[in-house]
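Just so you know, the protein sequences line up as chains A and B, in that order.
Quick note on the numbering used here: the first sequence kicks off at 514 and runs consecutively.
Quick note on the numbering used here: the second sequence kicks off at 514 and runs consecutively.
We put the beta carbon where it would ideally sit given N, CA and C, even for glycine.
In this text, all values refer to a predicted model and were calculated from it rather than measured experimentally.
Below is one structure, written out as structure tokens; comments come after it.
2 protein chains.
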Amino acid sequence: MRVIDIRERSIDLSRYRDPSIPSGGLTTSIVALTTDAVRNGRPVIGYGFASMGRFAQSGLIRERFAPRLLAAGDVDPITAWTAMMKGEKPGGHGERCVAVGTLDMALWDAAAKIADLPLHRLLRQRLGNESPADDAAVPAYASGGYLYPSDDPGHLRDEMQALRDQGYDKVKIKIGAAPLAEDLKRIEIALKAFPGPHRVAVDAMNSYDARQSLDAAKALAPLKLMWFEDICDPLDFDVQSRVAEIYDEPVAAGEALFSAAEAVLLDRHGGLRRDRDILLFDPVHCYGLPGYLTIIEALEARGWSRRSFWPHGGHLFSLHLASALGLGGVEMNPLSFAPFGGLADGAAITEGHAMPPDAPGIGFERKTHLAALFATL
Amino acid sequence: MRVIDIRERSIDLSRYRDPSIPSGGLTTSIVALTTDAVRNGRPVIGYGFASMGRFAQSGLIRERFAPRLLAAGDVDPITAWTAMMKGEKPGGHGERCVAVGTLDMALWDAAAKIADLPLHRLLRQRLGNESPADDAAVPAYASGGYLYPSDDPGHLRDEMQALRDQGYDKVKIKIGAAPLAEDLKRIEIALKAFPGPHRVAVDAMNSYDARQSLDAAKALAPLKLMWFEDICDPLDFDVQSRVAEIYDEPVAAGEALFSAAEAVLLDRHGGLRRDRDILLFDPVHCYGLPGYLTIIEALEARGWSRRSFWPHGGHLFSLHLASALGLGGVEMNPLSFAPFGGLADGAAITEGHAMPPDAPGIGFERKTHLAALFATL
């Protein structure tokens, strides 16, 4: 295929189901790539978006990566990626990795539409996953539980109930924005809705310093959480490993690392334990699928299992990848970051598993509000 | 001061004195900040630019950081920096760090013009450097020696001679773009123009893999180079430390690291030796002066001396900082990256030292071609 037109727009994004609650000015980029391929009499268009929880990448997409992609001629998603990365320097893994990942998502959407296959099936073919496609369902948990600016306990309780009602049996909530004592009460609310060991995870969003990290680890250890995520600064492997020394339950890391080089450093120096800990790298934020695959390869070579990877993202693209690559499971954002998060319209969680949509491409067309947003491009 | 208008433009940049020689499509951002301060009946304007050797940051400046700066109200460069960084997430130190650094440079230019002082004098006051300002001269070396696409030996010889003629007594050339045997001949050309120990440095631009790094280290060791710079991937601390084990002469690192978190990792795991090795962090690329100061503080706390810092950049801003902070020395780009590199018009290198211009601000107005470029904003 050849990419003949690229459109991009930055839009506001909310962490909350009610988008009127202030959410830190988050934005994301939406893109539409028009290809020269024609299906059903119309050009195939691939759609993508940048980020759940960081910022739009309009400038980098428009100025640096879209021009390279438009000039690349006939491509598939892998050769397109190589063309986009031409001349990029080693190091500096921030922002550009998200810009490239956004375009990469749209390239895969287009390629799978051209192949008339759901993306996970195209990837199974290309990446040699021999497991039958009716094994496509992936363990999934619901992500949410941001601190509400008013009546947090009431809102959090309602949110947990809404996620249960959607069929989820595992949940992750945010901590670190409130004092630890308050967060422990918030975790209690989540545990009441999702009782039992290893069903509630907590995400400190890289907010704790050394003291806070260790204090939280001690307080959380008896709760048998699913995992303790993004504890301290993502590059503070010293504190990360000190937590792992005193916290026997699973920890999760890697959401704010964006390259294979950083992944290897995390493994070398972060104290993670291959028998239980969780790797959160976000395929879109890590230069897209080709970049994500270099991370999986680097860590598999160092003794990690694919089952340790639970990609951050909470959207359909991560779900296809987790299914096709045989990863451990996947995040879903059923109530956050609308209209990007969660499953296709009408799709349900079954016994804790999510299924990628059975439509050509990523299946954004099965999410009415998201499809309508893309159509404005 | 209050920033009332911000203009930005992306422009092409060349590594070569002759800009018609292809140079990898490098670009940089130039910015002009108009303040509400008035001097000599005119508003004070601060100027800055992004990068020597990476890419422009138009999008991030226009979409994310300029709006925050314009909304910040009364600021000085430090409070302005805090306003620009508001809501930024931990990790992901690439691109945005350069965008923030670009605006930071212009903020310091404006602040020093308002104070009617050369920047290094303003910084001496603010940062408490008690050494007399007539100690302002800084050890400087000339950077250049990129591989020429045709007749490299002849062009390189001419370039080395031109740098000698400008009074430089130390030089750095690039290696790694040619096979090692050819690079050894290129180093010989540089050594002929700059004979003696520790007067020629080489910069592999992070291009070597593990094998190449170790092979080069063995071949370079007898040459008594000033230093061996940016050897392997900037985050491959394993290879970096294996080189340091077999290479007794100085190595230099840090140009492609952009945060205090990465600087600490380099120190912890990169095998650097505090008695001889060189730290290249670029103040503009590391979120500007406030970010650069966090790196200096973190590494001083770990036992490094300020004399180990030789900031990358090759321009007047780095020169002011090196002077005011009492750093070991500074890079200059007399023939590369025109019109940004090198000293003020008519200024000379004296006994291997460079002196920041004695004009208010950074002194860009003393570089005719650069001032003319900024005036187009």
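Assuming contact is defined by CB atoms lying nearer than 9 Å, are residue i and residue j in contact in what I supplied?
| i | j | result |
| --- | --- | --- |
| R567(B) | K602(A) | yes |
| G658(A) | R699(A) | yes |
| L834(B) | P824(B) | yes |
| S476(B) | I791(B) | Beyond the ends of chain B as shown, which are 514 and 890, falls residue 476(B); an answer cannot be given. |
| L640(A) | L838(A) | yes |
| G600(B) | G538(A) | yes |
| G841(B) | G604(A) | no |
| E768(A) | P796(A) | no |
| L612(A) | Q570(A) | Rather than Leu, the amino acid found at residue 612(A) in this sequence is Ala. For A612(A) and Q570(A), yes; Cβs fall inside 9 Å. |
| A686(A) | D722(A) | The sequence shown places Ile at residue 686(A), not Ala. Cβ atoms of I686(A) and D722(A): not closer than 9 Å. |
| L526(A) | F877(A) | no |
| G874(A) | L632(A) | yes |
| L806(B) | P852(B) | no |
| L693(B) | A734(B) | no |
| A757(B) | L785(B) | yes |
| R522(B) | S542(B) | yes |
| M868(B) | A649(B) | yes |
| A857(B) | A872(B) | yes |
| A623(A) | V551(A) | no |
| A706(A) | Y654(A) | no |
| A690(A) | M718(A) | yes |
| G804(B) | G614(B) | yes |
| I688(B) | A730(B) | no |
| I534(B) | P662(B) | yes |
| H782(A) | H882(B) | no |
| T540(A) | I517(A) | no |
| L676(A) | V684(A) | yes |
Strictly by DSSP, which residues pair up with residue i?
| i | result |
| --- | --- |
| T541(A) | I524(A) |
| D716(A) | K687(A) and E742(A) |
| G874(A) | P631(A) |
| D518(B) | T547(B) |
| E844(A) | Y654(A) |
| Y721(A) | C745(A) |
| H825(A) | In the DSSP output, where bridge partners are listed per residue, H825(A) has none listed. |
| H866(B) | P652(B) and T863(B) |
How many whole angstroms separate the CB atoms of residue i and residue j, which I take to be in contact at a CB cut-off of 8 Å?
| i | j | result |
| --- | --- | --- |
| R520(B) | L890(B) | 4 Å |
| H866(A) | V651(A) | 6 Å |
| G554(B) | K626(B) | So it is not a contact: roughly 14 Å between Cβ atoms. |
| V764(A) | W740(A) | 6 Å |
| G496(B) | L573(A) | No information on residue 496(B) is available, as it lies outside the stretch 514 to 890 that chain B covers here. |
| L660(A) | I702(A) | Not really, about 12 Å apart at Cβ, beyond 8 Å. |
| A766(B) | D788(B) | Not really, about 15 Å apart at Cβ, beyond 8 Å. |
| K737(B) | P710(B) | 4 Å |
Are there any heavy atoms of the ligand GTP lying less than 8 Å away from the beta-carbon of residue i, as far as the coordinates show?
| i | result |
| --- | --- |
| K685(A) | As for the ligand GTP, it is missing from this structure, which has no ligand bound. |
Worksheet item: Hey, is the stretch 614-627 of chain A in contact with the stretch 557-575 of chain A, meaning 3+ C-beta pairs nearer than 8 Å?
Response: The way I'd put it, the stretch 614-627 of chain A does touch the stretch 557-575 of chain A; three or more beta-carbon pairs between them come closer than 8 Å.
Worksheet item: Would the stretch 565-578 of chain A and the stretch 541-560 of chain B be scored as touching if the rule is three or more Cβ pairs under 8 Å?
Response: no
Worksheet item: So, do the stretch 713-730 of chain B and the stretch 741-758 of chain A have three or more beta carbon pairs nearer to each other than 8 Å?
Response: In this structure the stretch 713-730 of chain B does not lie against the stretch 741-758 of chain A, because fewer than three pairs of beta carbons, one per stretch, are closer than 8 Å.
Discussion item. In chain order, what are the residue ranges of uninterrupted alpha helix (DSSP H) at least 4 long that sit wholly in the stretch 541-628 of chain B?
Written reply: Scanning the stretch 541-628 of chain B from its first residue to its last, the whole alpha helix (DSSP H) runs of 4-plus residues come out as 579-583, 590-597 and 609-627.
Item to complete: Report yes or no: do three or more beta-carbon pairs, one from the stretch 678-688 of chain A and one from the stretch 855-870 of chain A, lie closer than 8 Å?
Response: yes
Item to complete: Ignoring anything shorter than 4 residues or poking outside the stretch 753-820 of chain B, list the alpha helix (DSSP H) runs there in chain order.
Response: 773-782 and 801-814
Worksheet item: Does the stretch 773-790 of chain B touch the stretch 796-803 of chain A, meaning 3 or more C-beta pairs lie closer than 8 Å?
Response: Counting Cβ pairs under 8 Å, fewer than three are found: no touch.
Worksheet item: Considering only residues of the stretch 657-681 of chain B, which uninterrupted alpha helix (DSSP H) runs meet the minimum length of 4 residues and lie entirely inside it, listed in chain order?
Response: 665-678
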